[in-house]
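Residues in the sequence shown are numbered from 891 upward in steps of one, following this note's numbering.
From the three backbone atoms N, C-alpha and C, an ideal C-beta is built for every residue, glycine too.
The structure presented is a predicted model; accordingly, all values stated were derived computationally and were not measured.
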Amino acid sequence: MTITAADRVLTALAGPDAQLRDGQGEALEALGHPGARVLVVQATGWGKSAVYWMATARSRAAGAGPTLVVSPLLSLMRDQVAAAERAGLVAATLNSANLGDWEVIEQALLAGEIDVLLVSPERLANPTFGKRVLDALAGRLGLVVVDEAHSVSDWGHDFRPDYRRVTDLLRRLNPDTPVLATTATANERVVADVAAQFGEQTTILRGPLARSSLQLTVTPMLDPLQRFAWVVQHLPELPGSGIVYTLTVADAQRLTEAIRAVHGDRCPVAAYTGGLDPDERVRAEEALRRNELKALIATSALGMGYDKPDLGFVVHVGSPPSPVSYYQQVGRAGRAIDHALVALLPSAADESVWDYFATATIPKPDQVERLLATLGTAEGPMSVPALEAETGIRRTRTELLLKQLAVDEVVERTPDGWVATGRDWTFDQEHYDGVLATRRREADIMRRYVRGEACLMQLLQESLDDPTAAPCGRCSVCLGGLPEPLAAAPDRAAMDGVRATLRRGSLELEPRKMWPGGAFGARGRIPAALAAEPGRVLVHADAPEWSELLAGPLRTDGPVPDELAEHAVGQLAGWKDSWAQRPDLVVALPVAGHPQLTTSLADQLATVGRLDRGDWTVEPAPPDLASADEAAHWRQAMAASEPPEVAGRSVLLVVDASTSGWPVTVAAATLREAGATHVLPLLIHRTVG
């Protein structure tokens, strides 16, 4: 088909000899009908964004209003703005990183000077934004695009409740406004769910999902330290520049530290996580794009949409729980080159992470009931921090539950905070059992992938219900092994170097600032006179440099190993410069079943530091308590115990293990009430739950 405006966009994006790819013309044709609803499922790198830029140019040339693109990530929006501008379109975004530009952008938008506006689903859910911008635009939009549309469905790998607000937007549109949804990562069930939300007349266009440029490989099972050492040893040998994914923020930061310690400027890397400042994210993305970095060591925060066409490799230190999310992440590589290497470094430790992600987004009825009861008795709208303090539910969990409840119209977000609507809420056990079963089936597929039971690309295609799934002929299963030199296991020198580097690091234990409310009774900020000082953590989660201890005394009990005691002494040496007052008393407080470990470490620290010693024994907490219930337990247990005499003393508090931090927080408050001038917590093992 010949569409002048679309042809100009295609030429601008891909050059004068560019041709539409199979399916792009069909998508454009489908969007040409008034009120069209089109869902495009195509492989990463196929050119889904080119379709909506061509459709936008066509509709704007015909006098239609601007295109609204709903996009999930700042990094993706930045890339899309740049691509739209290359296509000759005027594009802008309203997000948390450009608040100062909002007024000018909104004025230009309402004046018809902007062709494309990109917003996040969270922005759509903001009531102020809805009244100020969407109410003025909803009837005038020329096209609505829902990018990464699998996020609309809680059957998908990356469900985001705010995406459900898109359906609210669709009801407010001029019925003739076409809507395009795009994704690379939707199986048949997700496709059916998205199509049902968009309307019965949704046209579904699917293409083959195999990526011929990707060479998928899996190493033999490695322990956590071996994985870090593999990356340190082999990173300089990987082609071009790329991304190394980790499952946690802590791993991204610590692997970055290990690489820098060994390679320095010869192999420059940077950590990329959700906690980075927006400006830092931009700098890191651009540095990789300009090949100034060998790799970004990233969490899934660098996932959807980051576009570097010549990305030469993607390595995963740990397997994601879903083959769908894995396909989405490896799809960053090999978009405009003939060959890119994809390597997965699995470990038995991945299973616990999978278990966490399987249930992380499923609401817990008792928490929902606590939230609704609090909102139901409130005198007005409540903020998320206020709800956290009142209910004892962690802030990130509170935000997720509120967004899920907003989808069911049980709560509503107003400019002043959250309110209950009065609508009843019922936990849909059957639905969430189905979601959990789906996630567990996906984890089983990843186990098959790790074991190499079939062609790796074929397994990924089958997980997405791709009817064209077939052996690729180039993965490590099809070829019978990894390419050299990557088949080599990490050597002892690499492992020793990584271990030594990571053990030199320092992990701060940030004190809790708010009481939990709920069963604890007290809420609000913890008074400074009862607060702990910032502390230190010796071993975080499944830290690879301590893997031997995690399988021994940190899992059971026993006298402190010499290497851990030496590490603790080193931590104190680096910590002392920030002490408000040097400790003169060491108190051992075992709360997690490790009395020998805790008391023997306290003994050694007291000897080295010439400090007095005290012991404190309390009743352990039952497992799986809610946050406020756990804090209440520790307060009762500590009130019923006999802490050592601490009046006028600065206390070094040695605690064996905790996930929540509540035993440290409550113990510090108890000791401060008993007259301690300062409490400096030293947590041996920060566990994850």
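For this session: May I have the straight-line CA-CA distance separating Q1087 from G1020, to the nearest angstrom?
Result: Numbered from 1 along the sequence shown, position 197 holds the residue referred to as residue 1087. Numbered from 1 along the sequence shown, position 130 holds the residue referred to as residue 1020. Going by the C-alpha atoms only, they are around 20 Å apart.
Exercise. Taking the Cβ atom as the reference point for each residue, do P1129 and L1231 lie within a distance shorter than 8 Å?
Worked result: The sequence position of residue 1129 within the sequence shown is 239, counting from 1. The sequence position of residue 1231 within the sequence shown is 341, counting from 1. Going by C-beta atoms, P1129 is nearer than 8 Å to L1231.
For this session: Look at W1315 and V1258 and say whether their C-beta atoms are less than 8 Å apart.
Result: Numbered from its first residue, the sequence shown carries residue 1315 at position 425. Numbered from its first residue, the sequence shown carries residue 1258 at position 368. It is a contact, given that the beta carbons lie within the stated cut-off.
Exercise. For P1406, which residues of its own chain have a beta-carbon under 6 Å away from its beta-carbon, when the five flanking residues on both sides are left out?
Worked result: Within the sequence shown, the letter at position 516 stands for residue 1406. Cβ neighbours of P1406 beyond the five flanking positions: G1282, S1517, A1518 and A1521.
For this session: Compute the Euclidean distance between the alpha carbons of E1147 and L1192, then round it to the nearest angstrom.
Result: If you number the sequence shown from 1, residue 1147 lands on position 257. If you number the sequence shown from 1, residue 1192 lands on position 302. Roughly 19 Å between the two C-alpha positions.
Problem set entry | Selected residue, minimal CA-CA separation from E1278, among T1018, Y1162 and A1409 | Taking the sequence shown and counting its residues from 1, one reaches residue 1278 at position 388. The option with the nearest alpha carbon to E1278 is A1409.
Exercise. Closer than 8 Å, CB to CB, is L1059 near chain C or not?
Worked result: Structure shown: chain C not included; a single protein chain is present.
Exercise. Three or more C-beta pairs closer than 8 Å, one from the region 1108-1124 and one from the region 1167-1175: is that the case here?
Worked result: no
Problem set entry | Boundaries of the alpha helix (DSSP H) in which L1261 is found, first to last residue | Taking the first residue of the sequence shown as position 1, residue 1261 is located at position 371. Looking at the DSSP string, the run of the alpha helix (DSSP H) that includes L1261 is P1255 to T1267.
Exercise. Where does L903 sit, in a helix, a strand or coil, going by DSSP?
Worked result: Along the sequence shown, one-based indexing puts residue 903 at 13. Helix, per DSSP.
For this session: Note down the Cα distance separating D1505 from L1572, rounded to an integer number of angstroms.
Result: What you label residue 1505 is simply residue 615 of the sequence shown in a count that begins at 1. What you label residue 1572 is simply residue 682 of the sequence shown in a count that begins at 1. Using only the alpha carbons, I get a separation of about 14 Å.
Exercise. Are there 16 or more other CB atoms within 10 angstroms of the CB of Y1246, so buried, or fewer, so exposed?
Worked result: Taking the sequence shown and counting its residues from 1, one reaches residue 1246 at position 356. By the 10 Å Cβ count, Y1246 comes out exposed.
Exercise. Rounded to a whole number of angstroms, what is the C-alpha to C-alpha distance between A1441 and M1385?
Worked result: For this step, residue 1441 is matched to residue 551 along the sequence shown. For this step, residue 1385 is matched to residue 495 along the sequence shown. Computed Cα separation, rounded: 18 Å.
For this session: Output the distance between the C-alpha atoms of D1155 and T1163, rounded to the nearest integer angstrom.
Result: Taking the sequence shown and counting its residues from 1, one reaches residue 1155 at position 265. Taking the sequence shown and counting its residues from 1, one reaches residue 1163 at position 273. Computed Cα separation, rounded: 21 Å.
Problem set entry | Where the beta strand (DSSP E) containing I1149 begins and where it ends | Within the sequence shown, the letter at position 259 stands for residue 1149. No beta strand (DSSP E) contains I1149, which is instead part of the alpha helix (DSSP H) from V1139 to H1153.
Exercise. Within this structure, are the beta carbons of A895 and R976 separated by less than 8 Å?
Worked result: Position 5 of the sequence shown, counted from the first residue, corresponds to residue 895. Position 86 of the sequence shown, counted from the first residue, corresponds to residue 976. No; because the gap between Cβ atoms is not below 8 Å, this pair is not in contact.
Exercise. Cα separation between L1261 and T1251?
Worked result: By one-based count along the sequence shown, residue 1261 stands at place 371. By one-based count along the sequence shown, residue 1251 stands at place 361. Each residue's alpha carbon lies about 16 Å from the other.
Problem set entry | Under 8 Å between C-beta atoms of R1054 and V1297 | Indexing the sequence shown from 1 puts residue 1054 at position 164. Indexing the sequence shown from 1 puts residue 1297 at position 407. For R1054 and V1297, yes; Cβs fall inside 8 Å.
Exercise. If you draw a straight line from the C-alpha of L910 to the C-alpha of G937, how long is it?
Worked result: The sequence position of residue 910 within the sequence shown is 20, counting from 1. The sequence position of residue 937 within the sequence shown is 47, counting from 1. Those two C-alpha atoms are separated by around 9 Å.
Problem set entry | Bounding residues of the beta strand (DSSP E) (the contiguous stretch that carries R1303) | Taking the first residue of the sequence shown as position 1, residue 1303 is located at position 413. Looking at the DSSP string, the run of the beta strand (DSSP E) that includes R1303 is V1301 to T1304.
For this session: Could you give the DSSP three-state label for T892: helix, strand or coil?
Result: Counting from 1 along the sequence shown, the entry for residue 892 is found at position 2. For T892, the pLDDT reaches just 44, beneath the cut-off of 50, and the residue's location in the model is therefore unreliable, although a value from the coordinates is still provided. Here T892 sits in coil by DSSP.
For this session: Starting from M1272, follow its DSSP beta bridges and name the residues at the other end.
Result: The residue given as residue 1272 occupies position 382 in the sequence shown. Looking at the DSSP assignment, M1272 forms a beta bridge with W1308.
Exercise. Quick one: Cα of Y942 to Cα of V1035, how far?
Worked result: Within the sequence shown, residue 942 is the residue found at index 52, counting from 1. Within the sequence shown, residue 1035 is the residue found at index 145, counting from 1. Roughly 7 Å separates the two Cα atoms.
Exercise. Mind checking whether R1482 and D1546 have CB atoms under 8 Å apart?
Worked result: Taking the first residue of the sequence shown as 1, we reach residue 1482 at position 592. Taking the first residue of the sequence shown as 1, we reach residue 1546 at position 656. What sits at residue 1482 in the sequence shown is Ala, not Arg. Result yes, Cβ atoms of A1482 and D1546 sit closer than 8 Å.
For this session: Return the CA-CA distance between L1326 and A1470, expressed in angstroms with no decimal places.
Result: One-based indexing of the sequence shown puts residue 1326 at position 436. One-based indexing of the sequence shown puts residue 1470 at position 580. Straight-line Cα distance between these residues: approximately 49 Å.
Exercise. Ordered along the chain, which non-local residues of its own chain (more than five positions away) have a Cβ less than 7 Å from that of P1305?
Worked result: To locate residue 1305, count along the sequence shown from 1; it is residue 415. Excluding sequence neighbours, P1305 sits near P1017 and T1018.
For this session: Note down, one range per segment and in chain order, each alpha helix (DSSP H) of at least 4 residues found wholly within the region 1369-1440.
Result: 1382-1393 and 1437-1440
Exercise. Which residue comes first and which comes last in the beta strand (DSSP E) that contains Q1105?
Worked result: As a first step, residue 1105 is located in the sequence shown; it is residue number 215 there, counting from the start. Looking at the DSSP string, the run of the beta strand (DSSP E) that includes Q1105 is L1104 to V1108.
Problem set entry | Cβ-based burial, Q1526 [other Cβ within 10 Å; buried from 16] | In the sequence shown, residue 1526 corresponds to position 636, counting from 1. That one is exposed.
For this session: Label H1484 either buried or exposed according to how many other C-beta atoms from any shown protein chain fall within 10 Å of its C-beta, with 16 as the threshold for buried.
Result: Against the sequence shown, residue 1484 aligns to sequence position 594. Buried.
For this session: Using alpha carbons as the reference points, say which of F1203, W1045 and S1103 lies closest to L1125.
Result: By 1-based counting over the sequence shown, the position of residue 1125 is 235. For the residues F1203, W1045 and S1103, the minimum Cα distance to L1125 belongs to F1203.
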